[in-house]
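Quick notes on the structure that follows.
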Amino acid sequence: MHEIYDLHCHSSASDGALAPAELVRRAAAKGVTSLALTDHDTTAGLDDAKLSAEQQGIKLIPGIEISTTWENKCFHIVGLNFDPDNQNLQQGLSGIQAIRQERAKKIAEKLSKKKIHGAYEAVTEAAGTGMITRIHFAEFLLQNNHVASIQDAFDKYLAQGKPAYVSTQWADLDTALGWLNDAGGVAVLAHPLRYNMTNTWIKRFLTSFKNSGGQSIEVVTGNTNTDEIHRSSKYAQQFSLYGSVGSDFHSPANTWVELGKLAPLPKSIRPVWELF
Ligand code: AMP
Ligand code: MN
Ligand code: MN
Ligand code: MN
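Residue numbers (my numbering): 1 to 276.
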């Protein structure tokens with residue numbers, strides 16, 4: 001059978017629009033045969049996703065996208081194929097979850113200073129039992145006509161350097177990679193070209209990432225072009241990293257990105273699933 005992998009996507013356990021079971025149904029309908037649900041800093045969606053995957057006859061690989069800090073910059077690390085019950089990992093994640101909660105309060109306070117009130121209550125309600133992310137704030141700002149679009153919300157309020165941006169110390173990179181390794185998982189650098197970094201800095205980062213036990217890099221993400229695939233492949237080769245593929249799907253409303261709709265991994269790159 002022809003396998004279709006999608007190893008990066010989000011459910012309502014973080015900033016995705018679909019409940020985990022619904023997300024898995026959509027992935028199956030789009031032809032995905034192996035899916036990793038990778039919510040921001042939580043594994044809370046994995047049980048429902050697993051059950052749904054069994055019903056759909058597709059494979060669910062345990063996943064997560066961990067917010068980490070390295071040299072005061074934020075990097076997203078996708079963890080794959082780990083034991084979700086690992087104590088070390090879950091303890092670490094509860095730390096980041098508390099940081100997220102505190103950050104949400106601070107973002108809301110900053111919005112209040114701009115005469116935008118009620119954000120904390122609104123995002124808490126919208127996130128439910130899931131993680132509160134900046135997407136929730138963007139949706140609140142859009143619904144209340146403070147901005148013209150989600151992008152506009154980031155550009156006017158939420159992005160780095162904007163009035164409601166809160167600088168955050170996430171999990172230390174080396175520490176987070178330690179949790180993943182301890183839980184028997186693989187660490188993948190998510191969307192390597194989305195950090196606004198020079199080549200020199202990416203290489204410094206990857207050196208550190210490798211030294212801390214990182215094994216893989218996303219070579220194919222949703223919406224990438226051949227030039228970007230080529231650039232990420234070069235990093236994979238230079239640092240002997242396995243290549244991963246993931247759409248980073250969040251919502252059916254974004255018609256540019258779809259589950260399983262990904263360019264093939266270049267033949268020269270060893271696929272990360274060889275490690276599973
Ligand atoms: P957080 O982890 O809470 O800071 O939220 C980050 C999430 O916001 C990312 O995973 C993206 O889904 C989304 N995001 C970040 N920047 C933008 C942007 N400029 N436009 C739209 N979504 C964004
Ligand atoms: Mn997100
Ligand atoms: Mn990310
Ligand atoms: Mn993501």
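Ideal Cβ positions, reconstructed from N, Cα and C, are used throughout, including at glycine.
If I follow the unbroken beta strand (DSSP E) through residue i, where does it start and stop?
| i | result |
| --- | --- |
| residue 71 | Premise fails: residue 71 is in no beta strand (DSSP E) and is neither H nor E. |
From residue i to residue j, what does the alpha carbon distance come to, in whole angstroms?
| i | j | result |
| --- | --- | --- |
| residue 262 | residue 64 | 19 Å |
| residue 2 | residue 156 | 44 Å |
| residue 254 | residue 244 | 22 Å |
| residue 215 | residue 193 | 17 Å |
| residue 276 | residue 22 | 25 Å |
| residue 265 | residue 50 | 25 Å |
| residue 249 | residue 37 | 10 Å |
| residue 241 | residue 114 | 45 Å |
| residue 237 | residue 269 | 7 Å |
| residue 121 | residue 105 | 10 Å |
Which stretch, first to last residue, makes up the alpha helix (DSSP H) that contains residue i?
| i | result |
| --- | --- |
| residue 176 | 173–182 |
| residue 24 | 20–29 |
| residue 123 | 119–127 |
| residue 277 | Any answer about residue 277 is impossible in this case: the structure gives the chain only from 1 up to 276. |
| residue 283 | No statement about residue 283 is possible, as the shown extent of the chain runs from 1 to 276 and does not include it. |
| residue 194 | It is not in any alpha helix (DSSP H) - residue 194 carries neither H nor E in the DSSP assignment. |
| residue 276 | Residue 276 -> no alpha helix (DSSP H), and no H or E assigned at all. |
| residue 82 | Where residue 82 is concerned, there is no enclosing alpha helix (DSSP H), given that its DSSP letter is neither H nor E. |
| residue 143 | 134–143 |
Based on the DSSP output, what are the partners of residue i in its beta bridges?
| i | result |
| --- | --- |
| residue 67 | 76 |
| residue 244 | 218 |
| residue 6 | 35 |
| residue 61 | 36 |
| residue 249 | 9 |
| residue 271 | 243 |
I need the DSSP call for residue i, collapsed to helix, strand or coil.
| i | result |
| --- | --- |
| residue 234 | helix |
| residue 112 | helix |
| residue 187 | strand |
| residue 287 | Examination of residue 287 is not possible in this model, given that the chain is present from 1 through 276 alone. |
| residue 205 | helix |
| residue 95 | helix |
Requested in this report: Mind the definition here: the segment 9–26 touches the segment 116–136 only if three or more C-beta pairs lie below 8 Å; say whether that holds.
Outcome: yes
Query - Inter-stretch contact (C-beta, 8 Å, three-pair minimum) for the segment 43–51 and the segment 68–77 - result: no
Query - Three or more C-beta pairs below 8 Å linking the segment 53–63 and the segment 21–33 - result: yes
Query raised in the report: Is there contact between the segment 214–228 and the segment 189–205, where contact requires at least three CB pairs shorter than 8 Å?
Result: yes
Query raised in the report: Can you find at least 3 beta carbon pairs, one from the segment 92–99 and one from the segment 201–215, that sit closer than 8 Å?
Result: no
Query raised in the report: If we count Cβ pairs, one from each stretch, closer than 8 Å, do we get three or more for the segment 81–91 versus the segment 172–180?
Result: yes
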